[in-house]
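Structure first, commentary second.
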Amino acid sequence: MPPSPHPDEEVFGKAYDGRLARRLLRFVQPYLRGVLLAMVMLVGLTLLELAGPVIVMQAIDDAISTGQLALLDKYALQYLAIVVGIFCLRYGQNYLLNRAGQQAMHDLRVELFGHIQRLSLSFFDRNPVGRLMTRLTNDVEALD
Numbered sequence: 008m009p010p011s012p013h014p015d016e017e018v019f020g021k022a023y024d025g026r027l028a029r030r031l032l033r034f035v036q037p038y039l040r041g042v043l044l045a046m047v048m049l050v051g052l053t054l055l056e057l058a059g060p061v062i063v064m065q066a067i068d069d070a071i072s073t074g075q076l077a078l079l080d081k082y083a084l085q086y087l088a089i090v091v092g093i094f095c096l097r098y099g100q101n102y103l104l105n106r107a108g109q110q111a112m113h114d115l116r117v118e119l120f121g122h123i124q125r126l127s128l129s130f131f132d133r134n135p136v137g138r139l140m141t142r143l144t145n146d147v148e149a150l151d
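Each number in the working numbering comes from the position in the sequence shown (counting from 1) with 7 added on.
The structure is reproduced here in structure tokens:
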């Protein structure tokens with residue numbers, strides 16, 4: 008890897024840093040209730056996704072193989088309810104996780120820009136503002 012023209016732009020550390028992840032976890036903590044609810048929804052979603060093939064098996068074993076085609080309506084309604092439940096849980100889970108992630112990223116951006124504003128003017132004399140803002144924006148986007 009060729010040397011970087013600016014020492015602040017060198018790549019440090021490994022791809023995953025547990026210590027850094029723990030430091031960033033504090034931005035997610037205010038939204039932990041939504042994340043936990045999304046995890047509960049994931050369990051329900053998994054159960055519903057497993058129930059679909061069971062309903063199909065029962066429809067084949069109970070209705071089709073025995074010739075009682077009138078039972079297919081019951082199994083079709085059950086399967087439709089499962090599909091609607093899967094949609095609702097998946098939508099809710101995605102909404103909650105995306106909302107928590109976006110709010111955490113907002114909090115991180117606000118804190119970082121507040122930190123930048125509190126720096127002394129001599130810091131900005133030594134470091135180009137454009138590079139600072141680009142790094143700040145790109146690093147937060149990479150976390151997103």
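Quick reminder that beta carbons are idealized off the backbone N, C-alpha and C, glycines included.
Predicted, not measured: the structure shown is a model, and the values here were computed from it.
Discussion item. Using only the alpha-carbon positions, how far apart do alanine 45 and leucine 78 sit?
Written reply: Working through the sequence shown from its first residue, we reach residue 45 at position 38. Working through the sequence shown from its first residue, we reach residue 78 at position 71. Cα-Cα distance, rounded: 35 Å.
Item to complete: Using three-state DSSP, classify aspartate 151 as helix, strand or coil.
Response: Mapped onto the sequence shown, residue 151 falls at position 144. Under the three-state reduction of DSSP, aspartate 151 is assigned to coil, being neither helix nor strand.
Discussion item. Considering only their Cβ atoms, is the gap separating valine 35 from alanine 149 smaller than 8 Å?
Written reply: As a working note, residue 149 is residue 142 in the sequence shown. As a working note, residue 35 is residue 28 in the sequence shown. Taking 8 Å as the Cβ cut-off, alanine 149 and valine 35 do not qualify as a contacting pair.
Worksheet item: Looking at the unbroken alpha helix (DSSP H) that takes in asparagine 101, where does it start and where does it end?
Response: Your numbering for residue 101 matches position 94 in the sequence shown. Note, asparagine 101: alpha helix (DSSP H), 79-125.
Worksheet item: Helix, strand or coil: which one does DSSP assign to leucine 139?
Response: Here residue 139 is taken as the residue at index 132 of the sequence shown, counted from 1. Reduced to three states, the DSSP call for leucine 139 is helix.
Worksheet item: How about tyrosine 86 and isoleucine 62: are their beta carbons less than 8 Å apart?
Response: In the sequence shown, counting from the first residue as 1, residue 86 sits at position 79. In the sequence shown, counting from the first residue as 1, residue 62 sits at position 55. The answer is yes: Cβ separation under 8 Å.
Worksheet entry | Buried or exposed by the 16-neighbour rule on C-beta atoms within 10 Å, applied to methionine 48 | Translated into the one-based positions of the sequence shown, residue 48 becomes position 41. Counting every other CB atom within 10 Å of its CB across the protein chains shown gives methionine 48 a total of 16 or more, marking it as buried.
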